[in-house]
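Residue numbers (the numbering used here), protein chains in the order written: chain A, 215 to 326; chain B, 40 to 152.
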């Protein structure tokens, strides 16, 4: 039982490049989330998926898209990376949308 | 707007000192409350949670938190901190009207040996 896994762990992009951050959970959770963590700002929700087949915007969705590929996987895509998207990205999952969330190890992204 | 406030951004303590980290939220109604901890270089882990029942909740590693509904608070406490408690602590809240968790900005705790 690996919990929540994320790939890659680290990534460096140039402005304008695109990339997809992958997230998978093996806990059969219904809800999945993408957050970004920036110094002094805590965790901010980018997008979430309350259940398979649904996605909704969070607090800071601009510049991102998501896909809930199946119950296990929830990917985050940056179509045209900007330096303001330099951050640590965490994926999380929970059984229900008000239950305890379990976090992945994070992806450190640097956009030059 | 709904919000979660953690007023202590940085806290420095010596080992064996007592800890209290403040958390206040602005939602009404029934809430679920959480404290998460992030050790250096690691991901967030659940420290404790309150859904209902006894407002004094005990978590892992000797931490506890008290839900005071009248004060909209859920402060985290530990009677005697250890060097290994050095971490960032996040309070988070959800309620029956939301489909997501809202986090505070975090408190960085440094415990000196």
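Heads up, the beta-carbon is just placed ideally off N, CA and C, and yes, glycines get one too. From a predicted model like this one, the values you see are computed outputs, not experimental measurements.
Exposed unless 16 or more other CB atoms sit within 10 angstroms - verdict on residue i
i                      : result
residue 93 of chain B  : exposed
residue 243 of chain A : buried
residue 82 of chain B  : buried
residue 224 of chain A : exposed
residue 55 of chain B  : exposed
residue 312 of chain A : buried
residue 251 of chain A : buried
Own chain residues within Cβ distance below 6 angstroms of residue i, not counting five before or after
i                      : result
residue 95 of chain B  : 105
residue 263 of chain A : 246, 269, 282, 288
residue 57 of chain B  : 118
residue 98 of chain B  : 86, 87
residue 257 of chain A : 249, 251
residue 73 of chain B  : 88, 131
Under 7 angstroms between C-beta atoms of residue i and residue j
i                      : j                      : result
residue 324 of chain A : residue 300 of chain A : yes
residue 88 of chain B  : residue 259 of chain A : no
residue 114 of chain B : residue 68 of chain B  : no
residue 151 of chain B : residue 91 of chain B  : no
residue 111 of chain B : residue 71 of chain B  : no
residue 144 of chain B : residue 45 of chain B  : yes
Chain-order list of residues whose beta-carbon lies under 7 angstroms from that of residue i (same chain, five-residue window excluded)
i                      : result
residue 309 of chain A : 243, 244
residue 275 of chain A : 260, 261
residue 267 of chain A : 282
residue 75 of chain B  : 83, 84, 85, 86, 129, 131
Cut-off 8 angstroms between Cβ atoms - residues of its own chain near residue i, not counting five sequence neighbours on either side
i                      : result
residue 227 of chain A : 233, 292, 295, 323, 324, 325, 326
residue 47 of chain B  : 60, 61, 146
residue 101 of chain B : 117, 118, 119
residue 103 of chain B : 87, 95, 96, 97, 115, 116, 117
residue 265 of chain A : 244, 245
Residue from the options whose Cα sits closest to the Cα of residue i
i                      : options                    : result
residue 129 of chain B : B:55, B:77, B:57           : B:77
residue 116 of chain B : B:86, B:91, B:132, B:122   : B:86
residue 255 of chain A : B:43, B:118, B:139, B:133  : B:43
residue 272 of chain A : B:108, B:142, B:51         : B:142
residue 124 of chain B : B:103, B:149, B:110        : B:149
residue 79 of chain B  : B:144, B:127, B:131        : B:127
residue 230 of chain A : A:321, A:313, A:278        : A:278
residue 51 of chain B  : B:144, B:132, B:122        : B:122
residue 108 of chain B : B:75, B:131, B:66          : B:66
residue 49 of chain B  : A:248, A:241, A:257, A:253 : A:253
Contacts of residue i in chain C (Cβ-Cβ under 8 angstroms)
i                      : result
residue 319 of chain A : No chain C appears in the structure shown, which is made up of the protein chains A and B.
Q.
Check whether the segment 224-238 of chain A and the segment 287-294 of chain A are in contact - that is, three or more C-beta pairs closer than 8 angstroms.
A. Output reads yes: the segment 287-294 of chain A touches the segment 224-238 of chain A.
Q. Do the segment 302-314 of chain A and the segment 217-227 of chain A make contact, defined as three or more Cβ pairs closer than 8 angstroms?
A. yes
**Q.** Contact between the segment 291-300 of chain A and the segment 310-319 of chain A (3+ Cβ pairs under 8 angstroms)
**A.** These segments do not touch.
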